[in-house]
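Step one of this worksheet: look at the structure below.
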Amino acid sequence: MEVAKETMAAEMAHIFLTDAQEMLPPARVESADYFAVLVARARAGDEVAFERIMLATEQRVVSIAWRMLGNRDDARDAAQDVYLRVFKYLARFRTGEDFRGWLYRITINVCHDFARKKGAAGFGQLDQIDFVQASAAVETVHRATDPESLALQEQQLALIRSALQSLPPKERAALVLRDLEGFSTEEVAQALGSRPVTVRSQVSSARAKIKTYCDKLARKKGASQ
Amino acid sequence: MRTLTCKRTARMISLYVAGDLVGAPEREVATHLAACEDCRRFGEEFSESSSLLSQACTPPEFGAEFYSGIRQAVLGEITRDRMRSKPSLFRPRWLYATAFAAIVITLGVLLQHFVSTRRATPPELARAPQVIDQPTRPSSGVPSPRKKHEPPRTLGEQSNKVVFALVTPRRSPGQFEAMRKSDASDAAQAPRDERAQIEPVMQSPTSVGPVAPGSASLSGGSASSSSGRASASEVSRIEIQTADPNIRIIWLSPRESREPETNRNQDHPETSNRK
């Protein structure tokens, strides 16, 4: 929950820094009515209202896209595609539904489409990751001081991100939303269009796979020593 | 509270570490971890991997330009899309669409006209003679027995009742002229003479063929003459159009009383059966 509060605060700060004059009072930003009003105006063709929707949600959308796809360019392209889809299908959005849940569902679907376009060349399986290289990085992750160690640490983190990308799409989405974005299980279920018990199962499986990957890294590290 | 096994705890420990368990399951796992060293270490490994993942997946600072670029790209695309979707009458595709619609409408009108003409002349009517009933107005002013508001019978209705037709040799125009003149002057004064001229036509051996049986009922209304003879006060005119458009059979018959007609039908049982 703390992560969610921090992210919300960052969104608020970003909104006020970007377009302080046009934004509504902060008390209304938090409420669902704020988005309901903006959505109604955007449906009527008000581009300013749609821009405000983007301002209020773009940080979270880009964050999810980056965590799902693993690089900056893909995250930017995916975020653009997300908002184009939102504008295109805004008429289908049902009044009374949680707009942010609907938006994050579109985000996850766009990221799945991007990952599918990349295909097998995009991300490898967990078994195909170079564990020797990764174990060397793990060694320096907590005590990196010199530039070489920092580079090694960054390499290790990139490998862990690769491990995340190699998860099945649904498990990856559940893990990103639940553990990295700080959503509750119910919110994740709403965003993914599934039941909370299914989300728990997916998250549990994803955590176990990530732990297995980290264990392999640790074993490789021990063997290399 | 039941005691969990290590195997069951291992399945639930990832949820416990992330705080997904509440109530009794959470207490059961906590109790088991307090007593089991291996499971406790297993839980710590989960926590480490989770924190490592969080550290690896912390998004970088993208900056205001990054977000501004996304917004500008999206809004620009929306604007271009709106410009593309604006219809213009002078664009070629609209010209093509208009021409196509005109062709479709023309074809539809022609098809409807063709279908309506086909319905107007069904094949059985083309073979059967066309019967046109034009009862002459009674000179005495008595209204026709046909109701004023009765809808005219269609050709299809008549054709369904076609039983036989009259095929007579052509009469001389003088005969019909004489009938019309006599009808116009006074039908009551010379009914028997006209019957004498017309009845041979019906009894002629050449008068065999399909004709509308309703012609008798369609014939003109009754009229009463000043002398009290109702059957002689009216002359009905029946026109029969044969398949040949050049041949039209015109039949003028005086109105008869019911009794002699019944008697005549009894004399010709074949004709009465058909009616």
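Going down the list, the sequences are from chains A and B. For the first sequence, position 219 matches number 221 in our numbering, and the numbering has no gaps at all. For the second sequence, position 157 matches number 904 in our numbering, and the numbering has no gaps at all. Built from N, CA and C at the ideal position, the CB exists for glycine as well.
CA-to-CA distance, Leu159/A to Ala67/A, given in whole angstroms
So the two alpha carbons sit approximately 17 Å from each other.
I need the boundaries of the alpha helix (DSSP H) containing Val776/B, first residue and last residue. Run containing Val776/B: 771 to 782, per the alpha helix (DSSP H) assignment.
- Query: For Tyr85/A and chain B, any beta-carbon pair shorter than 7 Å?
  - Reply: Interface residue (Cβ-Cβ distance to chain B less than 7 Å): Tyr85/A is classified as such.
#### Entry: Distance between beta carbons of Gly790/B and Leu780/B, contact taken as under 8 Å
Beta-carbon to beta-carbon, Leu780/B and Gly790/B are separated by about 6 Å, close enough to satisfy the 8 Å threshold.
Exercise for the section: In the DSSP assignment, find the beta strand (DSSP E) that holds Arg995/B and state where it starts and stops. Expected result: Secondary structure note for Arg995/B: its beta strand (DSSP E) is the uninterrupted segment 995 to 1001.
From the beta carbon of Ile825/B, is the nearest beta carbon of chain A less than 7 Å away? Yes, because at least one Cβ of chain A sits closer than 7 Å to the Cβ of Ile825/B.
Rounded C-alpha distance that separates Arg94/A from Arg45/A | Between Arg94/A and Arg45/A, the C-alpha separation is close to 10 Å.
- [ ] Tell me whether Ala77/A is buried or exposed, calling it buried when 16 or more other Cβ atoms sit within 10 Å of its Cβ.
- [x] Answer is buried; the Cβ neighbour count reaches 16.
inquiry  = Can you tell me whether Cys753/B is buried or exposed? The criterion is at least 16 other CB atoms within 10 Å of its CB, across all chains shown.
reply    = Result: exposed.
**Study point:** C-alpha distance - Phe89/A paired with Phe52/A, whole-angstrom precision
**Key:** Answer to the nearest angstrom: the Cα atoms are 8 Å apart.
Which residues bound the beta strand (DSSP E) around Ser983/B? Element bounds for Ser983/B: 982 to 988.
Review point. Hey, does Val776/B have any beta-carbon neighbour from chain A nearer than 7 Å?
Key: No - not a single Cβ of chain A is within 7 Å of the one on Val776/B.
Length of the line joining the Cα atoms of Glu795/B and Met830/B
As the crow flies, the alpha-carbon of Glu795/B is around 54 Å from that of Met830/B.
Exercise for review: Quick one: using the 10 Å Cβ neighbour count with 16 as the cut-off for buried, is Pro1001/B buried or exposed?
Suggested key: Buried is the call here.
Item checked: Assigned exposure category for Val764/B - 16 Cβ within 10 Å defines buried -> With a threshold of 16 other beta carbon atoms within 10 Å, Val764/B meets it and is buried.
Per-residue DSSP class, three states only, for Phe809/B
Correct three-state label for Phe809/B: coil.
**Asked** Under a three-way DSSP split, which group does Phe95/A fall into?
**Response** Three-state result, Phe95/A: coil.
| Run through DSSP, which three-state label would Gly124/A get? | Note on Gly124/A: pLDDT 48, under 50, position unreliable in the model; the coordinate value appears next. Residue state, collapsed to three classes: coil.
#### Entry: Spatially closest choice to Arg83/A from Arg827/B, Ala777/B, Ala820/B, by CA coordinates
The displayed chain sequence assigns Asp, not Arg, to residue 83/A. The residue with the shortest Cα to Cα distance from Asp83/A is Ala820/B.
Which whole-angstrom value describes the C-beta separation of Leu194/A and Ile110/A, a residue pair presumed to lie in contact below a C-beta threshold of 8 Å?
-> Indeed, because the Cβ distance is near 7 Å, the residues count as touching under 8 Å.
Which value, in whole angstroms, describes the spacing of the CA atoms of Leu40/A and Trp841/B?
-> Counting only the Cα atoms, Trp841/B lies some 35 Å from Leu40/A.
Please report how far the alpha carbon of Pro772/B lies from the alpha carbon of Ser203/A, in whole angstroms. Distance from the CA atom of Pro772/B to the CA atom of Ser203/A, rounded to whole angstroms, is 15 Å.
Through-space distance from Ala208/A to Ala38/A, alpha-carbon basis
CA-CA distance, Ala38/A to Ala208/A, rounds to 34 Å.
Requested in this report: Can you have a look at Ala811/B and say buried or exposed, based on whether 16 or more other CB atoms are within 10 angstroms of its CB?
Outcome: Answer is exposed; the Cβ neighbour count stays below 16.
Q | Chain-order list of residues whose beta-carbon lies under 8 Å from that of Thr750/B (same chain, five-residue window excluded) | A | So the qualifying residues of the chain are Glu775, Thr778, His779.
Original post:
Would you say Thr756/B and Cys786/B are within 7 Å of each other, going by their C-beta atoms?
Top reply: At a Cβ-Cβ threshold of 7 Å, Thr756/B and Cys786/B count as neighbours.
Helix, strand or coil, according to DSSP, for Ser33/A in the structure here?
DSSP places Ser33/A in coil when its eight states are reduced to three.
Contact check, Val205/A vs Arg221/A, beta carbons under 7 Å: Not a contact, by the Cβ cut-off of 7 Å.
_Relative to the C-alpha of Lys211/A, which candidate in Val201/A, Tyr91/A, Leu169/A, Asn73/A has its C-alpha closest?_
With distances taken between CA atoms, Lys211/A lies nearest to Leu169/A out of Val201/A, Tyr91/A, Leu169/A, Asn73/A.
- Message: Distance cutoff 7 Å, beta carbons only. Does Ser761/B sit that close to anything in chain A?
- Response: Taking 7 Å as the CB threshold, Ser761/B lines the interface with chain A.
- Message: Does the CB of Ile66/A have a neighbour CB from chain B at under 7 Å?
- Response: No, no contact with chain B.
For a test of the three-state rule: what should DSSP assign to Val186/A, helix, strand or coil? Position check: residue 186/A holds Ser in this sequence, whereas Val was assumed. Per DSSP, reduced to three states, the secondary structure at Ser186/A is coil, with no helix or strand assignment.
(Q) I'd like to know if Cys804/B contacts chain A, where contact means its C-beta is closer than 7 Å to some C-beta of that chain. (A) By this cut-off, Cys804/B is an interface position.
Check your understanding: Ordered along the chain, which non-local residues of its own chain (more than five positions away) have a Cβ less than 6 Å from that of Phe125/A?
Key -> Note that Phe125/A has pLDDT 49, beneath the 50 cutoff, so the model's placement of it is unreliable and the number below is only indicative. The residues are Gln167, Ser168.
Worksheet item: Interface residues of chain A around Arg831/B at Cβ under 9 Å?
Response: Taking the beta carbon of Arg831/B as reference, no residue of chain A falls within 9 Å; the closest one sits roughly 13 Å away.
inquiry  = Can you give me the C-alpha to C-alpha distance between Pro885/B and Ile852/B, rounded to a whole angstrom?
reply    = The predicted model places Pro885/B with a pLDDT of 48, which falls under 50 and marks its position as unreliable; any figure quoted below should be read in that light. Rounded to whole angstroms, the separation of the alpha carbons of Ile852/B and Pro885/B is 51 Å.
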